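Engineer:
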Amino acid sequence: MSRVAILISGGGSNMVSLVASMAGDHPGRAVLVLANDPAAKGLQRAADMGVPVAAVDHRPFGKDRAGFEAALLEPLLAAQPDVICLAGFMRILTPDFIRRFQGRMLNIHPSLLPKYPGLHTHQRALDAGDSEAGCSVHEVTAELDAGPILGQARVPVMPGDTADTLSARVLVQEHRLYPAVLRRFVAGDRTPVLL
Ligand code: GAR
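Heads up: the sequence shown begins at 27 in the working numbering, then just goes up one per residue.
Here you go:
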């Protein structure tokens, strides 16, 4: 059984879809949901699903990323995760932290990588006149949003779309894609999932 920790910053809808997927004969189990904001709505949702939760507020650490990450490591290492899923976790992690979990940390990003790493992905897709958009799950490496792609889901861009309507359409696919990739990943299969 693979022990899966999930890091969030906000509502945690991707976290909910991951936790819900890890049931029955699934080879993974959620052992911790960890947030960088004690007020993250997803913490209560995780607790309601019976998953242990913890929060380490990044704000008192200011620019001291190493200090924040040292604090983050305490509950994370205590949970002894085999796999870490970043699910709407909006803090940039240092190469030192990432190296520690090399090859076993995943992230979901709301664009068809390598297009639009970073923020405001949906607005950038609209501004570019793209006819499709989507989301990607990738392995986390030191370079932001650039690790090996483990899955992608595509959606059409519709006439009249705004960043909000496009984001809602992509999010529906995120909730399908991330569990599908995680299931393969914990089974040792790195073949990309294409939805
Ligand atoms: C999701 O759309 C996720 O792809 C995005 O944040 C949202 C979190 O929603 N992640 C990033 O932009 C990472 N750079 P959720 O909290 O409801 O899962």
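Ideal Cβ placement from N, Cα and C applies to all residues, glycine included. All values derive from a computational prediction rather than experimental measurement.
1) How big is the Cα-Cα spacing for residue 120 and residue 91?
2) Buried or exposed for residue 146, please, with buried defined as at least 16 other CB atoms from any protein chain shown within 10 angstroms of its CB.
3) Select from 219, 209, 181 the residue whose C-alpha is nearest the C-alpha of residue 175.
4) For residue 111, verify whether its CB is less than 7 Å away from any heavy atom of the ligand GAR.
5) Answer yes or no: do residue 34 and residue 44 have a C-beta to C-beta separation smaller than 8 Å?
6) If we ignore side chains and look at the alpha-carbon of each, how far apart do residue 159 and residue 54 end up?
7) Is any non-hydrogen atom of the ligand GAR found closer than 7 Å to the C-beta of residue 32, if you look at the structure I gave you?
8) What residue does the beta strand (DSSP E) around residue 34 start on, and which one ends it?
9) Starting from residue 165 and walking both ways along the beta strand (DSSP E), at which residues does that stretch end?
10) Hey, out of 73, 96, 63, 72, whose CA is closest to residue 81's CA?
11) Please work out which residues of its chain come closer than 6 Å, Cβ to Cβ, to residue 72, disregarding the five sequence neighbours upstream and downstream, and give them in chain order.
12) Sort out for me which residues DSSP pairs residue 134 with in a bridge.
13) I'd like to know if the region 122–135 and the region 149–157 are in contact, where contact means that at least 3 CB-CB pairs between them fall below 8 Å.
14) In the DSSP assignment, what residue or residues form a beta bridge with residue 176?
15) Would you say residue 124 touches the ligand ZN, meaning its beta carbon is less than 7 Å from a heavy atom?
16) First and last residue of the beta strand (DSSP E) that includes residue 56?
17) Under the DSSP definition of a beta bridge, which residues are partnered with residue 182?
Structural biologist: Looking at the coordinates:
1) Straight-line measurement puts the Cα of residue 91 at about 7 Å from the Cα of residue 120.
2) It counts as exposed.
3) Considering only alpha carbons, the answer is 219.
4) Not under cutoff, so the answer is no.
5) It is not a contact, given that the beta carbons lie outside the stated cut-off.
6) Within the model, the alpha-carbon separation for residue 159 versus residue 54 is close to 29 Å.
7) The answer is no for residue 32.
8) Residues 28–34.
9) From DSSP, the beta strand (DSSP E) with residue 165 extends over 158–165.
10) Out of 73, 96, 63, 72, the CA that lies nearest to the CA of residue 81 is found in 63.
11) So the qualifying residues of the chain are 59, 79.
12) Residue pairing by DSSP places residue 134 opposite 163 in a beta bridge.
13) No: the two stretches stay apart, fewer than three of their Cβ pairs being nearer than 8 Å.
14) Per DSSP, none; premise fails for residue 176.
15) Looking at this structure, you won't find the ligand ZN anywhere; what it does contain is the ligand GAR.
16) Counting along the chain, the unbroken beta strand (DSSP E) around residue 56 starts and ends at 54–61.
17) DSSP lists 158 as partners of residue 182.
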